[in-house]
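Undergrad:
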Amino acid sequence: MPPMIDEILKLKEEATVAAGRLNSADEAETFRLKYLSRKGLVAQLFERLKDVPKEEKPQLGKSLNELRKSLETEFESAKSRIEGQSKVREEVPDLSLPGRKRYVGKMHPLTQTAAEIKRIFTGIGFGIADGPEIEDDYHNFEALNFPPDHPARDMQDTFFVSDDSGKFVLRTHTSGVQIRVMENNKPPIRVIMPGRCYRNEAISARAYCMFHQVEGLYVDKNVSLAELKGTISYFAKELFGSEVKTRFRPSFFPFTEPSAEVDIGCIFCGGKGCRLCKYAGWLEIMGCGMVDPNVFKFVRYDPAEVSGFAFGMGIERIAMLKYSIDDIRLFFENDIRFLNQF
Amino acid sequence: MKISRKWLEQLVDLNGIPDQEIASRLTMLGIEVESYENFSEKYKGFVVGHVLESSRHPNADRLHLCRVDIGGDVKDIVCGAPNVGAGQKVPVGLVGALVPHNQHDPDGNGFELTRAKIRGIESNGMICSAFELGLGDDKSGIMVFDNDAPTGEPLAKYLGLDDTVFEISLTPNRSDCLSHLGVAREIASAFSRKLSAKRPRFHETGDPIAAKVEVAAQDLCPRYSARVVKGIKVGHSPRWLKDALEKAGMRSINNVVDATNYVMLELGQPLHAFDLNLLSKQTIVVRRPNPNETTFTTLDGKERRIAPDMLMICDKEKIVAIAGVMGGMNSEISDGTVDVLIESANFLSTSIRRTAKRLGLSTEASYRFERGVDPDITLTALDRVAGIIEETAGGQVTKGTIDITASKFAAKRIDLHVDQVNRLLGTRLASGEIKRILDSIEIRSEKKSETVLVCSVPTFRVDIEREVDLIEEVARVYGYEKIEEARQTKLVFDTRFDKSDLVDEIRLFLAGAGFNEIVTNSLQPVHVASEESGRYVPVANPISEDMAAMRTSLLPGALSAVSLNLSHGIKDMKLFEAGRVYALSEKKELVGNYSERSPISLVITGFADPVSYDRQLHQYDLFDLKTEIERVLKRLQLDNWDFISYDSSRIYNQSLKLTLNGMDVGVAGRVGDKLLEKFSISQHLFFAELDLLQITSVNTQTKKFRSLPKFPFASIDLSFIVDSNVPVGNMTSSVKGVAGKMFRDISIFDLYTGKGIPEGQKSVAFNVVLGSDDRTLNDEDVAEFINEAETQLGREYSATLRRQKNR
Chain A
3 MPPMIDEILK LKEEATVAAG RLNSADEAET FRLKYLSRKG LVAQLFERLK
53 DVPKEEKPQL GKSLNELRKS LETEFESAKS RIEGQSKVRE EVPDLSLPGR
103 KRYVGKMHPL TQTAAEIKRI FTGIGFGIAD GPEIEDDYHN FEALNFPPDH
153 PARDMQDTFF VSDDSGKFVL RTHTSGVQIR VMENNKPPIR VIMPGRCYRN
203 EAISARAYCM FHQVEGLYVD KNVSLAELKG TISYFAKELF GSEVKTRFRP
253 SFFPFTEPSA EVDIGCIFCG GKGCRLCKYA GWLEIMGCGM VDPNVFKFVR
303 YDPAEVSGFA FGMGIERIAM LKYSIDDIRL FFENDIRFLN QF
Chain B
0 MKISRKWLEQ LVDLNGIPDQ EIASRLTMLG IEVESYENFS EKYKGFVVGH
50 VLESSRHPNA DRLHLCRVDI GGDVKDIVCG APNVGAGQKV PVGLVGALVP
100 HNQHDPDGNG FELTRAKIRG IESNGMICSA FELGLGDDKS GIMVFDNDAP
150 TGEPLAKYLG LDDTVFEISL TPNRSDCLSH LGVAREIASA FSRKLSAKRP
200 RFHETGDPIA AKVEVAAQDL CPRYSARVVK GIKVGHSPRW LKDALEKAGM
250 RSINNVVDAT NYVMLELGQP LHAFDLNLLS KQTIVVRRPN PNETTFTTLD
300 GKERRIAPDM LMICDKEKIV AIAGVMGGMN SEISDGTVDV LIESANFLST
350 SIRRTAKRLG LSTEASYRFE RGVDPDITLT ALDRVAGIIE ETAGGQVTKG
400 TIDITASKFA AKRIDLHVDQ VNRLLGTRLA SGEIKRILDS IEIRSEKKSE
450 TVLVCSVPTF RVDIEREVDL IEEVARVYGY EKIEEARQTK LVFDTRFDKS
500 DLVDEIRLFL AGAGFNEIVT NSLQPVHVAS EESGRYVPVA NPISEDMAAM
550 RTSLLPGALS AVSLNLSHGI KDMKLFEAGR VYALSEKKEL VGNYSERSPI
600 SLVITGFADP VSYDRQLHQY DLFDLKTEIE RVLKRLQLDN WDFISYDSSR
650 IYNQSLKLTL NGMDVGVAGR VGDKLLEKFS ISQHLFFAEL DLLQITSVNT
700 QTKKFRSLPK FPFASIDLSF IVDSNVPVGN MTSSVKGVAG KMFRDISIFD
750 LYTGKGIPEG QKSVAFNVVL GSDDRTLNDE DVAEFINEAE TQLGREYSAT
800 LRRQKNR
């Protein structure tokens, strides 16, 4: 092989590597001057072509042309790479610009609260059940041990559906679902029953014509008031923080006996007494009790065999306490400025 | 109910027990004390003053300078009231006293009295109006007392208010506590004090009782007792009686009526006084009304419609009272009444409740009878009231009482099993402890065996009928707080009930997609509920016409929410709701013929995204709504839906029906302007309602893995020129059809009319993805597909293939 062809190949290798390392316009110019200018190394090789034997000329000429073409291509691409780099550097965006806004949606505070309550109870083995909002007198009252013509019915102002029988109501509590669940299932039962309820009360900051409840029911052998207390105080701690105190005091519901009202130590003043707890240091959060034997008779459970506890709380009430909301009507106005706060 | 401490003190020894302690112990016994007010505390620093002199203030025409004797000291006080004058006895607040209400404060808040210079003259106190003291509404001038009011006496004492009044909220079972005696019993138990048993003092004189009572309807009247007092003088009640009633929230009427009310508040037995001489043949007949008796005028002057099953108190000729509810005008005690018959009866609670409900008339008497009154207290109450009438209205108590009873009223006997107590409460109480607990609330018990107590329940506890009621009493008196918390440790293996909620998952998904969740009222005006369907559910007793029907759609609630936010200047909204809608069904449902569905609604209006520095603003349109719906459907792993246009011009301007496997599962559309106008919405609004339950019922298959494609897909662009009115949806289906088993995906990447496209035509460009499970598609496969698509669309829509490209 003639020595010149070696030089060509060597130069090609050397220059290609050098082109790849070019990093600035100055370096590119130096490269051009060194290899591609009229006095450059490539030109010098062309110069020597006239001295080679005639029979080698076509071969070497072709190689030299290829070399020049290849180095020009390398040079051009290096040049545009360098230009591109500097262009990028010039166009660095203003990173202080915010991201492009998108709407952020929220679940309603009531459904958030309900979800939280469901999470706590499903975590300790409660299932979820559901029932109708338009309910018959039997499930809403009678089977819950509200006899006809009993003053306990005055505890709940009832909406009636226009119907000749007068037997259908908008449920006043979710307790009727207890009856439906027990009618369709044998004990043991451990369920919570969330849902919408209605009361025919004047609308104010503290009362609305509809509201939401979560009902709970646990029926098994030897279920006791002590377990009810344990369950509810666990729930209160999960929801309001592990420091929160609970207090059970005697109350009355036709479908539980004994019955209790549950208070938590005021979460606003720590129990010292403030405007929100009416200076009592306690806030009422739910009603509960041991399932009345009469209720078991309606669903054909044997009260000698099983016992159970039930509880019911207003989701609005819990949400109002949790988020310090002072007007129940805000939940149903759906002001986005309100909804976005949760 | 209002309970006075002074009154309680006559019934039980409260010595050394602070108000606070009484309130908290009662509350923990289930007798909830909502609040209490100590008037001596409230009126500390207020005394009865004697205005010695009153003269014009030198610097102010409307002010007076008064010299007021406050008992041993004389104060200069500036007073602005027009009615102040020398010689008056007035309420005076001294420096440091808290005036309950400020007349000049819009909220009427109180303030502390300080020594103040008023127009240059020092004032050392304040003469008060009834309003300022919280004793009435009168702001026009100061209160002026009787001339004999003792100068310097503390105001609370002078007003008979040196007392604490407890406001008690009773549950319906505790009718025994609808009296001072009942509350005193609870306190006696809580603090281990003895009830003071005082025998009423009075004298029986004259002839034996001559009046007669016949109880014809004994089923509704288990007991009727009566006494007669003759020769009384009806007049004002003495101060102590008036004060006692007023503290309990009752108005004073006259000495006889007040005496009956006093005894009711003290013992819980409602009483009624008849003018004996207005009773025909001086006879009381307790019966149901005769067929011709259909109306009766009660004491309040109102004519009441009476029904055949209501119980009436009558004389030999006429009705004189509605039993247990209200007396009549025809036998009312008046100034001229000389002889009275006092009724002390026990009526059937359900009957009284039905009557009161039907008459829409609830009285102190009916309230107590409905809840149950001790049947064994009628005679005690008569003796007590006779004593008071004798003292306050004079007259002679006739010898003897009338007492007609259906049966003896003995204590109920109930067996209590110790193990049942402990099973239900989770306690380990011994029978001796249980016995002691019950003893403290006057339930006596004897041991029947080691584990069974036979309990005697006193007649005043009408609520205790069963063993479980006794268990509640044990728990209540033992103290709920002493029952230790137990925690369940058993695991639950129950697959019958759901543990998760699909709707909650969709809620989170939509919130993530930028939707705010709303919760709207299910009660609506009839004209709104009937907008979508005539088969709405009406409410029989609505709060107002605005809430007289159950909603049939989530749309009106959504429009109200949008309207409210628009009024606050918020114009761009993405909202959703998951709630129920209600309808009258053609068939029998779980409850009556009322059906309940649980749809999810979506609302979009305004700009598709908030304003941003380099974003083209885009107004929401129906296709954005379709996007959101399709995203929900894909989230639910569905792929076989269709949108079909349909006309529902009553509500929508443009609308689509969503179908899944041929089943209607939702609607979507641009809400019509007419409807929007009703909600003052003047921008386009897109609404969809999806029946989630039906949608999820379609895909009950569990998620299952399909192996990933082994061979590369071919991606082909096809653009057709076609008449403008050809629906792209149909063309899409045709292209899918041609692709057959090779079909993997299709998108429309360009729609164009204008330059280069003939008038009346459009260019539609599809990107089709084809694939095969068992080989790489070759050029022939693709060419064949393109050919077929060209032929098919040419035939079906006269479309011509404009351009093709194998990507």
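Same order as they appear, the protein sequences are chains A and B. In terms of my numbering, the first sequence is residues 3 to 344. In terms of my numbering, the second sequence is residues 0 to 806. The C-beta atom is built at its ideal place from N, Cα and C for all residues, glycine as well.
(1) With respect to the beta strand (DSSP E) encompassing Gln803 (chain B), which residues constitute its N-terminal and C-terminal limits?
(2) Taking Phe123 (chain A) and Ile234 (chain A) to be in contact with their CB atoms under 8 angstroms, please state how far apart those CB atoms are, rounded to whole angstroms.
(3) Is there a C-beta anywhere in chain A that falls below 9 angstroms from the one on Ile569 (chain B)?
(4) Between B:Leu769, B:Val721 and B:Leu657, which has its C-alpha nearest Leu750 (chain B)'s C-alpha?
(5) Would you mind reading off the limits of the beta strand (DSSP E) that contains Phe459 (chain B)?
(6) Quick one: residues in its chain with C-beta nearer than 6 angstroms to the C-beta of Arg4 (chain B), no 5 flanking neighbours on either side, listed in chain order?
(7) If you draw a straight line from the alpha carbon of Leu415 (chain B) to that of Val98 (chain B), how long is it in whole angstroms?
(8) Chain A partners of Asn564 (chain B), CB-CB under 9 angstroms?
(9) Residues of chain A with CB closer than 9 angstroms to the CB of Leu28 (chain B), please, in chain order.
(10) Alpha carbon to alpha carbon, how far is Ser543 (chain B) from Leu378 (chain B)? Give it in angstroms, no decimals.
(11) Determine whether the beta carbon atoms of Leu270 (chain B) and Ile351 (chain B) lie at a separation below 9 angstroms.
(12) Apart from the five residues just before and just after Ile174 (chain A), which ones in its own chain have a Cβ nearer than 7 angstroms to its Cβ?
(13) Within the 9 angstroms Cβ cut-off, does Gly425 (chain B) reach chain A?
(14) Going residue by residue through the segment 723-802 of chain B, where are the continuous alpha helix (DSSP H) segments of at least 4 residues, counting only ones entirely within it?
(15) Looking only at DSSP bridge pairs, what is Ile413 (chain B) linked to?
(16) Work out the CA separation of Gly133 (chain B) and Leu684 (chain B) for me, nearest whole Å.
(17) Which parts of the segment 191-236 of chain B are runs of the beta strand (DSSP E), unbroken and 3 residues or longer, counting only runs that do not cross its ends?
(18) List the residues that DSSP assigns as beta-bridge partners of Thr259 (chain B).
(19) Specify the secondary structure class of Asp545 (chain B) as computed by DSSP and reduced to three states.
(20) Return the residue from the list B:Asn786, B:Asp218 and B:Leu635 that minimises the CA-CA distance to Ser406 (chain B).
(21) If you draw a straight line from the alpha carbon of Asp151 (chain A) to that of Ser430 (chain B), how long is it in whole angstroms?
(22) Could you check the C-alpha separation between Ala228 (chain A) and Glu484 (chain B) for me, to the nearest Å?
(23) Where Ile16 (chain B) and Arg192 (chain B) are concerned, what is the direct C-alpha to C-alpha distance, given to the nearest angstrom?
(24) Taking DSSP's pairing of strands, which residues face Cys290 (chain A) in a bridge?
(25) For the segment 575-599 of chain B, which residues have a CB atom closer than 7 angstroms to at least one CB atom of chain A, in sequence order?
(26) Name the two residues that bound the continuous beta strand (DSSP E) containing Arg55 (chain B).
(27) Taking only beta carbons into account, state which residues of the segment 505-523 of chain B come closer than 8 angstroms to chain A, listed in chain order.
(28) Ala262 (chain A) touches chain B at which residues, Cβ-Cβ below 8 angstroms?
(29) Between B:Leu452, B:Pro149, B:Met572 and B:Glu576, which has its C-alpha nearest Phe508 (chain B)'s C-alpha?
(30) Since Pro295 (chain A) is in the alpha helix (DSSP H), which residue starts that stretch and which ends it?
(31) Within 9 angstroms (strictly less), CB to CB, does Arg634 (chain B) reach chain A?
(32) State the CB to CB distance for the pair Ile715 (chain B) and Asn805 (chain B), rounded to an integer number of angstroms; the pair is presumed to be in contact (CB under 8 angstroms).
(33) For Cys65 (chain B), which residues of its own chain have a beta-carbon under 6 angstroms away from its beta-carbon, when the five flanking residues on both sides are left out?
(34) Take Gly371 (chain B) as the anchor and find which of B:Pro221, B:Val590, B:Glu466 and B:Val284 has the nearest alpha-carbon.
(35) Which residue from B:Tyr796, B:Glu783 and B:Glu795 puts its Cα closest to that of Gln803 (chain B)?
(36) Under the rule that 16 or more other beta-carbon atoms within 10 Å means buried, what is Lys447 (chain B), buried or exposed?
TA: A quick look at the data gives this:
(1) As a first step, residue 803 (chain B) must be located in the second sequence, where it is residue number 804. Gln803 (chain B) -> beta strand (DSSP E) spans Thr799 to Asn805.
(2) Translated into the one-based positions of the first sequence, residue 123 (chain A) becomes position 121. Translated into the one-based positions of the first sequence, residue 234 (chain A) becomes position 232. Taking C-beta atoms under 8 angstroms as the contact rule, Phe123 (chain A) and Ile234 (chain A) fail to qualify, at a distance of about 11 angstroms.
(3) As a first step, residue 569 (chain B) is located in the second sequence; it is residue number 570 there, counting from the start. Answer yes: the Cβ-Cβ gap between Ile569 (chain B) and chain A drops below 9 angstroms somewhere.
(4) By one-based count along the second sequence, residue 750 (chain B) stands at place 751. Considering only alpha carbons, the answer is B:Val721.
(5) Within the second sequence, residue 459 (chain B) is the residue found at index 460, counting from 1. Element bounds for Phe459 (chain B): n/a, residue is neither H nor E.
(6) Within the second sequence, numbered from 1, the residue matching residue 4 (chain B) stands at position 5. Asp162 and Thr163, listed in sequence order.
(7) Translated into positions along the second sequence, residue 415 (chain B) becomes position 416. Translated into positions along the second sequence, residue 98 (chain B) becomes position 99. Cα to Cα, Leu415 (chain B) sits roughly 55 angstroms from Val98 (chain B).
(8) For the purposes of this step, residue 564 (chain B) is taken as the residue at position 565 of the second sequence. Asn336, Asp337, Ile338 and Arg339, listed in chain order.
(9) Here residue 28 (chain B) corresponds to residue number 29 of the second sequence, with the count starting at 1. Those within 9 angstroms of Leu28 (chain B) in chain A are Arg251 and Pro252.
(10) Translated into positions along the second sequence, residue 378 (chain B) becomes position 379. Translated into positions along the second sequence, residue 543 (chain B) becomes position 544. Straight-line Cα distance between these residues: approximately 48 angstroms.
(11) Position 271 of the second sequence, counted from the first residue, corresponds to residue 270 (chain B). Position 352 of the second sequence, counted from the first residue, corresponds to residue 351 (chain B). The Cβ atoms of Leu270 (chain B) and Ile351 (chain B) lie no closer than 9 angstroms to each other.
(12) As a position in the first sequence, residue 174 (chain A) is number 172, starting the count at 1. At residue 174 (chain A) the sequence reads Thr, which differs from the Ile that was named. Here the set comprises Asn142, Gln158, Thr160, Cys199, Tyr200 and Arg201.
(13) Here residue 425 (chain B) refers to the residue found at position 426 of the second sequence. Answer yes: the Cβ-Cβ gap between Gly425 (chain B) and chain A drops below 9 angstroms somewhere.
(14) Runs of the alpha helix (DSSP H) inside the segment 723-802 of chain B: 727-738 and 778-796.
(15) Here residue 413 (chain B) is taken as the residue at index 414 of the second sequence, counted from 1. Partner(s): B:Cys454.
(16) The sequence position of residue 684 (chain B) within the second sequence is 685, counting from 1. The sequence position of residue 133 (chain B) within the second sequence is 134, counting from 1. Their Cα atoms are separated by approximately 55 angstroms.
(17) 203-207, 211-214 and 222-229
(18) The residue labelled residue 259 (chain B) in the question sits at position 260 within the second sequence. Beta-bridge partners assigned by DSSP to Thr259 (chain B): none are found.
(19) The residue you call residue 545 (chain B) lines up with position 546 of the second sequence. It is helical.
(20) On the second sequence, position 407 is the one that residue 406 (chain B) refers to. Selection B:Asn786, B:Asp218 and B:Leu635 evaluated against Ser406 (chain B) yields B:Asp218 as nearest (Cα-Cα).
(21) Residue 151 (chain A) sits at position 149 when you count from the first residue of the first sequence. Residue 430 (chain B) sits at position 431 when you count from the first residue of the second sequence. Distance between the alpha carbons of Asp151 (chain A) and Ser430 (chain B): 37 angstroms.
(22) Taking the first residue of the first sequence as 1, we reach residue 228 (chain A) at position 226. Taking the first residue of the second sequence as 1, we reach residue 484 (chain B) at position 485. One C-alpha to the other measures close to 5 angstroms.
(23) Against the second sequence, residue 16 (chain B) aligns to sequence position 17. Against the second sequence, residue 192 (chain B) aligns to sequence position 193. Looking at the two C-alpha atoms, the distance is approximately 11 angstroms.
(24) The residue labelled residue 290 (chain A) in the question sits at position 288 within the first sequence. Paired residue(s): A:Ala262 and A:Phe313.
(25) Arg579, Tyr581, Leu589, Val590, Gly591, Tyr593 and Glu595
(26) Stepping through the second sequence from its first residue, residue 55 (chain B) is reached at position 56. Its beta strand (DSSP E) spans residues Phe45 to His56.
(27) Arg506, Leu507, Leu509, Ala510, Gly511, Ala512, Gly513, Phe514, Asn515, Glu516, Ile517, Val518, Thr519, Asn520, Ser521 and Leu522
(28) Within the first sequence, numbered from 1, the residue matching residue 262 (chain A) stands at position 260. The contacting residues are Tyr479.
(29) Here residue 508 (chain B) refers to the residue found at position 509 when the second sequence is read from its first residue. When only C-alpha atoms are compared, the closest one is B:Glu576.
(30) Counted from its first residue, the first sequence places residue 295 (chain A) at position 293. Boundaries of the alpha helix (DSSP H) around Pro295 (chain A): Pro295 to Phe300.
(31) Here the question's residue 634 (chain B) lines up with position 635 in the second sequence. No, its Cβ sits nowhere closer than 9 angstroms to a Cβ of chain A.
(32) Counted from its first residue, the second sequence places residue 715 (chain B) at position 716. Counted from its first residue, the second sequence places residue 805 (chain B) at position 806. Their Cβ separation, rounded to whole angstroms, is 6 angstroms, which keeps Ile715 (chain B) and Asn805 (chain B) in contact under 8 angstroms.
(33) The residue you call residue 65 (chain B) lines up with position 66 of the second sequence. Contacts found: Val50, Ser53, Ile76 and Cys78.
(34) Taking the first residue of the second sequence as position 1, residue 371 (chain B) is located at position 372. Measuring from the Cα of Gly371 (chain B), the nearest candidate turns out to be B:Pro221.
(35) By 1-based counting over the second sequence, the position of residue 803 (chain B) is 804. Measuring from the Cα of Gln803 (chain B), the nearest candidate turns out to be B:Glu783.
(36) For the purposes of this step, residue 447 (chain B) is identified with residue 448 of the second sequence, where counting begins at 1. The residue in question, Lys447 (chain B), is exposed, as its Cβ has fewer than 16 Cβ neighbours within 10 Å.
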